[in-house]
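Trainee: Below is the structure I would like to discuss, written out as structure tokens.
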Amino acid sequence: MTEFTEWLNLQMQMSEVLQVIDTMPEDKLRRLTKELIRQLRDIAKRHVLAEEP
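What follows is the structure, given as structure tokens:
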């Protein structure tokens with residue numbers, strides 16, 4: 238698979254995700270956003286811990 242094909246596939250997937258998000262009820266979207274932020278913080282903490290000597 239070429240780099241362009243990979244990029245195109247990602248663009249199509251993002252488009253599908255955005256369509257789902259656009260039709261999602263606000264309360265569900267809020268819960269998912271909070272969960273996403275929590276997961277990103279966990280990833281960031283692990284990344285920082287991995288860099289410490």
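For what it's worth, the numbering used here labels the leading residue of the sequence shown as 238, then goes sequentially.
Each residue gets a CB set at the ideal place from its N, CA and C atoms; glycine is no exception.
With C-beta atoms as the reference, is Ile274 less than 8 angstroms away from Leu266?
Mentor: Start at 1 with the first residue of the sequence shown, and residue 274 comes out as number 37. Start at 1 with the first residue of the sequence shown, and residue 266 comes out as number 29. Cβ distance not < 8 angstroms, so Ile274 and Leu266 don't count as in contact.
Trainee: Please report how far the alpha carbon of Ala287 lies from the alpha carbon of Met249, in whole angstroms.
Mentor: Numbered from 1 along the sequence shown, position 50 holds the residue referred to as residue 287. Numbered from 1 along the sequence shown, position 12 holds the residue referred to as residue 249. Distance between the alpha carbons of Ala287 and Met249 is about 33 angstroms.
Trainee: Under three-state DSSP, which class holds Thr239?
Mentor: Position 2 of the sequence shown, counted from the first residue, corresponds to residue 239. Here Thr239 sits in coil by DSSP.
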